[in-house]
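Engineer: Below you'll find the structure I mean.
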Amino acid sequence: MNELGREMAIDALHKAREQCMEDRVFTLGGREWHQLAGVVGSEYNTATELFTDWLPYAGVASMLEMGAGCGVAAISAALSGCPRVLAVDINPHAVESVRLNASRHGVADRVTALRSDLFAEVEPEQRFDLVFWNSPFINAPISRTSEDDYLTDHFFDPGYRLHDRFFLGLGQHLAEDGRAFLGFSAAMGDVGEVESIAARRGFTLRLFRDASFAAPYEQIGAGTVFQRASDDQGNITIDFTLMELVR
Ligand SMILES: C[S@@+](CC[C@H](N)C(=O)[O-])C[C@H]1O[C@@H](n2cnc3c(N)ncnc32)[C@H](O)[C@@H]1O
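For the sequence shown, the numbering used here assigns the number 17 to the initial residue and increments by one for each residue that follows.
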């Protein structure tokens, strides 16, 4: 378990429980996006923006955004010319946010939003040229507070059981020449564990692109975990890493 990731995610979850309780509109990548109550979005959109900018949409005929949240990557794919986009999420408020955003940006005819536990509601024969998941990469024990505690699902995947099911479904739904990407963080996630789970399902992880940001540890969080994770200058470096899943 990555204790820095766990502590950061616990802090983020507490903030989300206070801040994500009303509908709002946020700006990202020069566009405005709906974020309905119960969806995490605007506070944590650095990774969303980077991954959305880096994904290779050119020539893609079909795209699946897993765990789409507000649907920023899915809608950006459609705006880049992708004619068939499916955005799925376990969180019904996220699915509704994607629908609103697809209409807002004039791509409702090519973006379908579906409530689904991973690939459960995706047609068994559907294959995608591009699959992307900015995943809940915090591998730490956590108790969901209720059956619809979707805020916890946003950040945590204890034991990477969800990632394992994702890799399994990916094998079935990725087109033969398709490309799949996982939005991750080595500083907060557990790269070794996700690599070995992916390998068992027939995928290797290859660094596609990353970016790192350093800040004094006190700005990241209070407590010994943050101090321990800092370097000689007292900084913690956080990366956002887009990994390609290669079959
Ligand atoms: C880190 S968030 C990414 C959100 C959004 N794609 C973004 O980049 O801002 C992870 C997303 O995965 C979704 N998720 C968690 N468990 C899921 C599941 N079993 N099936 C589908 N989506 C799930 C969460 O609801 C959340 O929207």
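All C-beta atoms, glycine included, are put in the ideal place defined by N, C-alpha and C.
1) Give a single yes or no on whether Asp-105 has its beta carbon closer than 7 Å to a heavy atom of ligand 1.
2) Using C-beta distances below 6 Å, list every residue in its chain close to Thr-16, excluding the 5 sequence neighbours before and after it, in chain order.
3) Is the beta carbon of Val-88 within less than 7 Å of some heavy atom of ligand 3?
4) Drop a sphere of 10 angstroms on the beta-carbon of Met-37, count the other beta-carbons inside from all chains shown, and report buried for 16 or more, exposed for fewer.
5) Are the CB atoms of Phe-144 and Leu-184 within a distance shorter than 8 Å?
6) Following a CB-centred definition, is Tyr-166 positioned closer than 7 Å to any heavy atom of ligand 1?
7) The beta strand (DSSP E) spanning Met-259 covers which residue range?
8) At a cut of 8 Å, does the region 87-107 reach the region 44-52 through at least three beta carbon pairs?
9) Provide the residue span of the beta strand (DSSP E) that contains Met-79, from first to last.
10) Assuming Val-147 and Leu-95 are in contact, meaning their beta carbons sit under 8 Å apart, how far apart are those beta carbons, in whole angstroms?
11) Taking DSSP as the reference, what is the three-state secondary structure of Gly-199?
12) Within the region 121-183, note down every full alpha helix (DSSP H) run reaching 4 residues or more, in order along the chain.
Structural biologist: From the atom records:
1) yes
2) Because the chain in this structure spans residues 17 to 263, residue 16 falls outside the shown range and cannot be described.
3) Looking at this structure, you won't find ligand 3 anywhere; what it does contain is ligand 1.
4) exposed
5) no
6) yes
7) 251-262
8) yes
9) 78-82
10) No, Val-147 and Leu-95 are not in contact; Cβ-Cβ is about 18 Å, not under 8 Å.
11) strand
12) 166-171
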